[in-house]
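Novice:
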Amino acid sequence: MTATTPTPADLPAQPAAHGHGHGDHTLTGFVIFLLSESVIFLALFAGYAIYKTSSPLWLPPGVEGLEVAMPLRFTVVLVSSSGVIYLAERALHRGRLGEFRAWWLLTMAMGTVFLVGQGLEWAGLPFGLGDGVYGASFYLLTGFHGLHVLTGVLLMGLMLARSFRPGNYDAGSVGVTAVSLFWHFVDVIWVVLFVLIYVWQR
Amino acid sequence: MTSTAPAPAPSFDPRVLKAPHPVPGAPNNWRRFLSFNTDAKVIGLQYMITSLFFLLVGGLLSMIMRGELITPAADLVDPTVYNGLYTMHGTVMLFLFLFPILNGFNNLLIPPMIGAPDMAFPRLNAAAFWMVPVFGVILMASFLVPGGPSGAGWWAYPPQSIQNPLGHFLNGQFLWILAVALSGISSIMGAVNFITTIIRMRAPGMGWFRMPIFCWTAVAAQAIQLIGLPVLTAGAVLLLFDLSFGTSFYRPEGGGDPMLYQHFFWFYSHPAVYVMVLPVFGIFSELFPVYARKPLFGYHVVAIASFAITFLSLIVWVHHMFYSGTPQWMRNLFMVTTMLIAVPTGIKVFAWIGTLWGGKLRLTTAMLFCLGGVFNFIFAGITGIMLATVPVDIHVGNTYFVVGHFHTVIFSTITYGVFAGIYHWFPKFTGRMMYEGLGKLHFVLTFIGSQLTFLPMHAAGLLGMPRRVASYDPEFAFANVLASLGAFLLGVATIPFLLNLVSSWVRGEKAPPNPWHAIGLEWLLPSPPPAENFEDDVPTVISGPYGYGLGRPLVEDEQRYVAKAASAASAATGGA
Amino acid sequence: MTTASPSPGRSPRLWGVLLVLLAVLADLAASFWMAAASHHWLPVPASAAAAPVDNLFALEVGIGSFIFFGCSGVMLWTLLFNRAPKYDLDNGDPIEGNLKLEIVWTLIPLVIVMLIAWKAIDVSTTLSTLGGKVRVTGGHGAMHGAEGPAAALEAADDPAAAEPIEVIGRQWSWEFIYPNGVHSSELHLPEGQRSYLRLSATDVIHGFFVPAFRLKQDLIPGSVIDYSLIPTRAGRYRLRDSMFSGGYFSSNQTDVVVEPPEQYAAWLEQALAQPLRPAANAATDLYAQRLARGDRGWATVPPAPPPLVHVSADPAASHEG
Ligand code: HEA
Ligand code: HEA
Ligand code: CUA
Ligand SMILES: [Cu+2]
Chain X
1 MTATTPTPAD LPAQPAAHGH GHGDHTLTGF VIFLLSESVI FLALFAGYAI
51 YKTSSPLWLP PGVEGLEVAM PLRFTVVLVS SSGVIYLAER ALHRGRLGEF
101 RAWWLLTMAM GTVFLVGQGL EWAGLPFGLG DGVYGASFYL LTGFHGLHVL
151 TGVLLMGLML ARSFRPGNYD AGSVGVTAVS LFWHFVDVIW VVLFVLIYVW
201 QR
Chain F
1001 MTSTAPAPAP SFDPRVLKAP HPVPGAPNNW RRFLSFNTDA KVIGLQYMIT
1051 SLFFLLVGGL LSMIMRGELI TPAADLVDPT VYNGLYTMHG TVMLFLFLFP
1101 ILNGFNNLLI PPMIGAPDMA FPRLNAAAFW MVPVFGVILM ASFLVPGGPS
1151 GAGWWAYPPQ SIQNPLGHFL NGQFLWILAV ALSGISSIMG AVNFITTIIR
1201 MRAPGMGWFR MPIFCWTAVA AQAIQLIGLP VLTAGAVLLL FDLSFGTSFY
1251 RPEGGGDPML YQHFFWFYSH PAVYVMVLPV FGIFSELFPV YARKPLFGYH
1301 VVAIASFAIT FLSLIVWVHH MFYSGTPQWM RNLFMVTTML IAVPTGIKVF
1351 AWIGTLWGGK LRLTTAMLFC LGGVFNFIFA GITGIMLATV PVDIHVGNTY
1401 FVVGHFHTVI FSTITYGVFA GIYHWFPKFT GRMMYEGLGK LHFVLTFIGS
1451 QLTFLPMHAA GLLGMPRRVA SYDPEFAFAN VLASLGAFLL GVATIPFLLN
1501 LVSSWVRGEK APPNPWHAIG LEWLLPSPPP AENFEDDVPT VISGPYGYGL
1551 GRPLVEDEQR YVAKAASAAS AATGGA
Chain C
2001 MTTASPSPGR SPRLWGVLLV LLAVLADLAA SFWMAAASHH WLPVPASAAA
2051 APVDNLFALE VGIGSFIFFG CSGVMLWTLL FNRAPKYDLD NGDPIEGNLK
2101 LEIVWTLIPL VIVMLIAWKA IDVSTTLSTL GGKVRVTGGH GAMHGAEGPA
2151 AALEAADDPA AAEPIEVIGR QWSWEFIYPN GVHSSELHLP EGQRSYLRLS
2201 ATDVIHGFFV PAFRLKQDLI PGSVIDYSLI PTRAGRYRLR DSMFSGGYFS
2251 SNQTDVVVEP PEQYAAWLEQ ALAQPLRPAA NAATDLYAQR LARGDRGWAT
2301 VPPAPPPLVH VSADPAASHE G
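Protein chains in written order, with my numbering: chain X, 1 to 202; chain F, 1001 to 1576; chain C, 2001 to 2321.
#1: Could you tell me the boundaries of the beta strand (DSSP E) in which residue 2174 of chain C lies?
#2: For ligand 4, I want to know if residue 1270 of chain F counts as a neighbour, meaning its beta carbon is within less than 8 Å of at least one of the ligand's heavy atoms.
#3: Between the beta-carbon of residue 2306 of chain C and the beta-carbon of residue 2195 of chain C, is there less than 9 Å?
#4: Between which two residues does the alpha helix (DSSP H) harbouring residue 2187 of chain C extend?
#5: Which of helix, strand or coil does DSSP assign to residue 1323 of chain F?
#6: Counting contacts by CB-CB distance shorter than 9 Å, is residue 56 of chain X in contact with chain F?
#7: Classify residue 2300 of chain C as helix, strand or coil using the three-state DSSP reduction.
#8: Within 9 Å (strictly less), CB to CB, does residue 25 of chain X reach chain F?
#9: Should residue 1463 of chain F and residue 2042 of chain C be called a contact, given that it needs their Cβ atoms to be closer than 9 Å?
#10: Please compile the residues from chain X whose C-beta is within a distance smaller than 8 Å of the C-beta of residue 1234 of chain F.
#11: Below 9 Å on C-beta distance, what does residue 188 of chain X contact in chain F?
#12: Determine the chain X residues that contact residue 1427 of chain F at a beta-carbon separation under 8 Å, and present them in chain order.
#13: When the Cα of residue 1300 of chain F is compared with those of F/1339, F/1214, F/1074, which residue comes out closest?
#14: Check the C-beta distance from residue 1119 of chain F over to residue 1040 of chain F and give it rounded, since I have them as a contact under 8 Å.
#15: Indicate whether at least one CB of chain F lies closer than 9 Å to the CB of residue 50 of chain X.
#16: Output needed in chain order: residues of the stretch 2083-2105 of chain C with a Cβ under 8 Å from some Cβ in chain F.
#17: Between residue 1111 of chain F and residue 1197 of chain F, is the Cβ-Cβ spacing less than 9 Å?
#18: Going along the chain, which residues of its own chain have a beta-carbon closer than 8 Å to the beta-carbon of residue 2156 of chain C, five neighbours each way excluded?
#19: Using beta-carbon positions only, say whether residue 1491 of chain F and residue 1063 of chain F come within less than 9 Å of one another.
#20: Just checking: is the beta-carbon of residue 33 of chain X within a distance shorter than 9 Å of some beta-carbon in chain F?
#21: Rounded to the nearest angstrom, what separates residue 31 of chain X and residue 1151 of chain F at their Cα positions?
#22: Using a Cβ-based criterion (distance less than 8 Å to any ligand heavy atom), does residue 1215 of chain F qualify as near ligand 1?
#23: For the beta strand (DSSP E) containing residue 2256 of chain C, name the first residue and the last one.
#24: Would you mind telling me which residues of chain F sit closer than 7 Å to residue 136 of chain X, beta carbon to beta carbon, in chain order?
#25: Could you run through the stretch 1375-1408 of chain F and flag, in chain order, every residue whose CB is less than 7 Å away from some CB of chain C?
#26: Less than 8 Å between the CB of residue 1425 of chain F and some heavy atom of ligand 4, yes or no?
#27: Taking the CB atoms as reference points, tell me whether residue 81 of chain X and residue 1227 of chain F lie closer together than 9 Å.
#28: Are residue 1263 of chain F and residue 1318 of chain F touching if we call contact CB-CB under 9 Å?
#29: What residues in the stretch 2029-2041 of chain C bring their beta carbon closer than 8 Å to a beta carbon of chain F?
#30: Which residues in chain F have a C-beta closer than 9 Å to the C-beta of residue 36 of chain X? List them in chain order.
#31: Please find out if some non-hydrogen atom of ligand 1 comes closer than 8 Å to the beta-carbon of residue 1103 of chain F.
#32: Tell me whether residue 2196 of chain C sits in a helix, a strand or coil according to DSSP, three-state version.
#33: Taking the continuous beta strand (DSSP E) assigned at residue 2215 of chain C, which residues delimit it?
#34: For residue 1481 of chain F, is the beta carbon positioned less than 8 Å from some heavy atom of ligand 2?
#35: Which stretch, first to last residue, makes up the beta strand (DSSP E) that contains residue 2206 of chain C?
#36: Assuming residue 2189 of chain C and residue 2219 of chain C are in contact, meaning their beta carbons sit under 8 Å apart, how far apart are those beta carbons, in whole angstroms?
Listed below in structure tokens is the structure:
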């Protein structure tokens, strides 16, 4: 084998992409991180499914199940915010900074509405964290997801603040792309979670 | 053979590889090791020093354990203290010695090996490192809380681990979970960094199949971290809630399931053993060619086998639960998947032996540790296959046979590989040679000590001595006396090692850029390499690694890089 | 592959082949010897499960020795005959690989381990009729229980009459309750008959492990595990807790007494006549000593009170295996 002639497999990796700074690593790294993060949820979902199918004591005494209508509304808000954040990103790419901020702020607001809705639901539930595996997994799953929503909103706030720095996007807008990626991730997780907890009740 | 192929189109400007991470005001003396430095080489050494310290701590704990076990009765320490000792020994060794030291190697080796100036995320890198001392202190602090550290074993199986006898919120088990969780976060940060760096920052011309095996194994191992650690984290969060917030995920009284924890735990902790061993396979694959003066036998297959191991490692975890009430079909299934791991692993072992065959062996200290490590690994792999065999595991599971198996891998293979890597790359990263005489003494004592310590454990296990006991029946006394004496010998063996490290770093002979006549990008750099490795002048790789005896250059214009490194070295000596 | 240094003899090739043949024969002989010796590394075989397990183990020792001696023999050879002389800075033969060889050494281990696995599945199936049968109910039995063929088999030869012996694991004591109402902290079993055990744990996970039987099964709180085995050799053996269970785990051991059926029946009778009293228990003694010394040491839950038994285990009795 004459390894001195490059074969297709030996072609150089494309470090050319290095051109505009560190943005590309950031996205690569962030995607890798999200893949890993999704495994935590996968594990928790698997655990939930196992408890749901095998636990001899599931619903705590006196608990009938969860009300679906209200959470469904907040779900719609959260899921549609994924579209809104896309509009924000598009506006940024077209260089319309003002429009970007408006959509971005709206996304943040929708995320906040979702969080408030979740808080209200928690406050009105007849069971607590200590009420069997059911109560524990309900609060753990929704709480863990809620923590992600909160993180998303805070990160968006940071990006919003940065957008007022002159020349902030001259080197690209990786931060915005990463946050919006994270937001889509949080939404997808919620959809699965909603199906698991609210739809699959019997 | 000597003709250089046309360079791949210079599709990029190497200057941009120069990382724009100025380290304003970073001290350039030993104090930089105490600062938030973002240079991968500094971080690498920080990892190495921290983890070697914890090797001593973990070793000291094991010495006390072996002192307790030298007699059948629980006379040296209280049984509850013994439980805490072995729990902390296992935890310290895994999370504060082995994982960090391997990350030390990753930091030191990956950027120079692929011609990158630094890691992709230098700041994240520093943050990941500084979590190690933080959770190290947390774990050590658990010795001081009322009730002592966790005494639930490194598995921390509930319900035992969540019994919390004193009822305090701040207890040893709580701190243990906290430390392990922080360790997990630090490892994830590291994994993201290493994989991104290898994917995106390779020198021009370095395609995947021109990458050194160490980088292959690094990707394979770090991928496991990314997939496995989140599952452990999920399991640990539930454990924390049960321990501290009164939930009952794992309490049968509340409808919980203690077995679920075992699945969560082993889903990560089995693959974790390959996170530890894969980089050492990488080190063996780097070193055998150098010291046998031959190309690595079957490079492509060895590279790909790493990923076969990654994949298989994720589907074998139940072999730790054969006697837990696992149904027969599941046992058989996981027995078969476990045994399949012998195939890719065997490929590697045979490739190393093939590399030795007909070579010109140089028995440096590093080479001795490699040879000893592979020798021990074959033994440990075979006892691993015995453990994977369901009916045999039912007998020897949870006995000292298991302890013997895994120390033969984790100490007599992996730690040997770590030692080999230190002896091999020490000159590169400190600029000083180590003393071969002391090194060989270290090897001889370690080799004798490890056989004396860990072989008798297999015998005791076969006779039915359970692990994790502070006292035992007299029929096991003989094996345990041998094991204890061996362990003390291992303690003695660390003295020449420490002496060597310190004295050669302080006043060792100055190291040339390439003391072992090795082939690899890192050896084209001065010793120690400058902060950003090749800086603007990244070589273009034109052939695969390990071209020993093939007379082909590794990079375009190789002589220029050799000369440059040599002149940098003489400039350094001239200036000193 | 060529031999390292062709000797100056007339036909180096022939000598090479002979040498390899000799080495393989020596390896085989050593492996057979190891396999035969392996039976002495195990405790006395005292249950129907022991023989198949020991034979499987011997098979693995044989195969494993062959591989281990083979690989390390080749390494030793290179160490002796492929050393670079001092000051020789030359390289070895630049062999980069050999596809045929690589395929061979991928396939051979594959075949070997699959053979072992097949043999092991065979032994497991045998065991599920000879002892070590498991059925988990209660708790999360649905998920972890041995359903399917093994359970069906059990149902087939499970005489309804066979009421099980209750085996209860606690921190840190063993209690055995027999169908006739005898409570004991020492397990008595009839020789040559299938014994049915019902394993349960009240606090944490424990492990039922009798090395002489080659059997081990965890006791899981929240689950009831039906277990059966056939002791085949009279004698007194050690029963050890094999799953770490906290503070005084290491003293959670007792004895199993296997005796001829008549003797066993007599013991049951006799035992019932004894008064109930707290069993001798190492953990409670150790804990009392600890309290007397001022409760130093690291946290532990206090031992559960020793069970009230008709017959208490005798810590001084000597055991085999
Ligand atoms: C750290 C590294 C490490 C490595 C690499 C391994 C490698 C292997 N281990 Fe080990 N193992 C541990 C660390 C490791 N282990 C630890 C820490 C524990 C205990 C944890 C605890 O309980 O605390 C453990 C426990 C453990 C158990 C559980 C035992 C029990 O608790 O009852 C089992 C069971 O299957 C097992 C099997 C194996 C197998 C099959 C391999 C295989 O990967 C080995 C493959 C290698 C070879 C087979 C040799 C080379 C191959 C050839 C030369 C080819 C020809 C060979 C054949 C045809 C056989 N290990
Ligand atoms: C990287 C991992 C690693 C390493 C290197 C070791 C190394 C050693 N281990 Fe460890 N061990 C584990 C990981 C490791 N172990 C794990 C995971 C467990 C399971 C825990 C559990 O069951 O939960 C375990 C369990 C374990 C047991 C079983 C405990 C039990 O089940 O009851 C024993 C018993 O002998 C033991 C002994 C030793 C010995 C003698 C060494 C020797 O190789 C150590 C050699 C010593 C040194 C190299 C250092 C010498 C130090 C000095 C001379 C003191 C100087 C000190 C200062 C200046 C501070 N170990
Ligand atoms: Cu930093 Cu590329
Ligand atoms: Cu494993």
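Here a beta-carbon is modelled for each residue, glycine too, at the ideal position from N, C-alpha and C. What you are looking at is a predicted structure, and each value in this text was computed from that prediction instead of being measured.
Specialist: Based on what the coordinates show:
#1: Position 174 of the third sequence, counting from 1, holds the residue named residue 2174 of chain C. Where residue 2174 of chain C is concerned, the enclosing beta strand (DSSP E) stretches over 2173-2177.
#2: Within the second sequence, residue 1270 of chain F is the residue found at index 270, counting from 1. Correct: residue 1270 of chain F has its Cβ closer than 8 Å to ligand 4.
#3: Translated into the one-based positions of the third sequence, residue 2306 of chain C becomes position 306. Translated into the one-based positions of the third sequence, residue 2195 of chain C becomes position 195. Going by C-beta atoms, residue 2306 of chain C is not nearer than 9 Å to residue 2195 of chain C.
#4: Counting from one through the third sequence, the residue named residue 2187 of chain C turns up at place 187. Not the alpha helix (DSSP H): residue 2187 of chain C falls in the beta strand (DSSP E), residues 2187-2190.
#5: Counted from its first residue, the second sequence places residue 1323 of chain F at position 323. Of the three classes helix, strand and coil, the one that applies to residue 1323 of chain F here is coil, per DSSP.
#6: Position 56 of the first sequence holds residue 56 of chain X. At least one chain F Cβ lies under 9 Å of residue 56 of chain X.
#7: Numbered from 1 along the third sequence, position 300 holds the residue referred to as residue 2300 of chain C. Three-state result, residue 2300 of chain C: coil.
#8: The residue you call residue 25 of chain X lines up with position 25 of the first sequence. Residue 25 of chain X counts as touching chain F.
#9: On the second sequence, position 463 is the one that residue 1463 of chain F refers to. On the third sequence, position 42 is the one that residue 2042 of chain C refers to. Contact annotation: residue 1463 of chain F and residue 2042 of chain C have beta-carbon atoms nearer than 9 Å.
#10: For this step, residue 1234 of chain F is matched to residue 234 along the second sequence. Under the 8 Å cutoff, chain X gives 40, 43, 44, 47.
#11: Reading the first sequence from its first residue, position 188 is the one you call residue 188 of chain X. In chain order: nothing, as chain F lies at least about 16 Å away.
#12: As a working mapping, residue 1427 of chain F is identified with position 427 in the second sequence. The premise fails here: residue 1427 of chain F is roughly 28 Å from chain X at the closest Cβ pair, so nothing lies under 8 Å.
#13: Indexing the second sequence from 1 puts residue 1300 of chain F at position 300. The option with the nearest alpha carbon to residue 1300 of chain F is F/1214.
#14: Position 119 of the second sequence, counted from the start, is the residue given in the question as residue 1119 of chain F. Position 40 of the second sequence, counted from the start, is the residue given in the question as residue 1040 of chain F. About 5 Å separates the two Cβ atoms, so the contact holds.
#15: What you label residue 50 of chain X is simply residue 50 of the first sequence in a count that begins at 1. Yes, contact with chain F.
#16: Taking 8 Å as the Cβ-Cβ cut-off against chain F, the residues of the stretch 2083-2105 of chain C that qualify are 2083, 2084, 2088, 2089, 2090, 2091, 2092, 2093, 2094, 2095, 2096, 2097, 2098, 2101, 2102, 2105.
#17: For the purposes of this step, residue 1111 of chain F is taken as the residue at position 111 of the second sequence. For the purposes of this step, residue 1197 of chain F is taken as the residue at position 197 of the second sequence. Yes, the pair counts as a contact, with Cβ atoms nearer than the cut-off.
#18: Reading the third sequence from its first residue, position 156 is the one you call residue 2156 of chain C. Confidence at residue 2156 of chain C is low in this model, with a pLDDT of 40, below 50, so the placement of that residue should be treated as unreliable; the coordinate-derived value is given next. Cβ neighbours of residue 2156 of chain C beyond the five flanking positions: none.
#19: Numbered from its first residue, the second sequence carries residue 1491 of chain F at position 491. Numbered from its first residue, the second sequence carries residue 1063 of chain F at position 63. It is a contact, given that the beta carbons lie within the stated cut-off.
#20: Your numbering for residue 33 of chain X matches position 33 in the first sequence. Yes, residue 33 of chain X counts as interfacial toward chain F.
#21: By one-based count along the first sequence, residue 31 of chain X stands at place 31. By one-based count along the second sequence, residue 1151 of chain F stands at place 151. C-alpha separation (whole angstroms): 38 Å.
#22: The residue given as residue 1215 of chain F occupies position 215 in the second sequence. Residue side-chain check: residue 1215 of chain F keeps its Cβ at 8 Å or more from all non-hydrogen atoms of ligand 1.
#23: One-based indexing of the third sequence puts residue 2256 of chain C at position 256. First-last of the beta strand (DSSP E) with residue 2256 of chain C: 2253-2259.
#24: The sequence position of residue 136 of chain X within the first sequence is 136, counting from 1. Going along chain F in sequence order, the residues near residue 136 of chain X (Cβ under 7 Å) are 1241, 1247, 1248, 1249.
#25: Of all residues in the stretch 1375-1408 of chain F, 1375, 1378, 1379, 1382, 1385, 1386, 1389, 1390, 1391, 1392, 1394, 1395, 1397, 1398 have a Cβ within less than 7 Å of some Cβ in chain C.
#26: The residue you call residue 1425 of chain F lines up with position 425 of the second sequence. Answer for residue 1425 of chain F: no, Cβ out of range of ligand 4.
#27: Residue 81 of chain X sits at position 81 when you count from the first residue of the first sequence. Residue 1227 of chain F sits at position 227 when you count from the first residue of the second sequence. Their beta carbons are not under 9 Å apart, which means residue 81 of chain X does not touch residue 1227 of chain F by this criterion.
#28: For the purposes of this step, residue 1263 of chain F is taken as residue 263 along the second sequence, with counting starting at 1. For the purposes of this step, residue 1318 of chain F is taken as residue 318 along the second sequence, with counting starting at 1. Yes, these two residues count as a Cβ contact at 9 Å.
#29: 2041
#30: Reading the first sequence from its first residue, position 36 is the one you call residue 36 of chain X. Chain F residues near residue 36 of chain X: 1188, 1191, 1192, 1225, 1226, 1227, 1229, 1230.
#31: In the second sequence, the residue the question calls residue 1103 of chain F occupies position 103. Flag unset: Cβ of residue 1103 of chain F not near ligand 1.
#32: Start at 1 with the first residue of the third sequence, and residue 2196 of chain C comes out as number 196. Residue 2196 of chain C: strand per DSSP, three-state reduction.
#33: The count along the third sequence starts at 1 and reaches residue 2215 of chain C at position 215. Here the beta strand (DSSP E) through residue 2215 of chain C covers 2215-2219.
#34: For the purposes of this step, residue 1481 of chain F is taken as residue 481 along the second sequence, with counting starting at 1. Not under cutoff, so the answer is no.
#35: In the third sequence, counting from the first residue as 1, residue 2206 of chain C sits at position 206. That run of the beta strand (DSSP E) goes 2206-2210.
#36: Walking along the third sequence from the start, residue 2189 of chain C turns up at place 189. Walking along the third sequence from the start, residue 2219 of chain C turns up at place 219. Contact doesn't hold; Cβ gap of about 17 Å is too wide.
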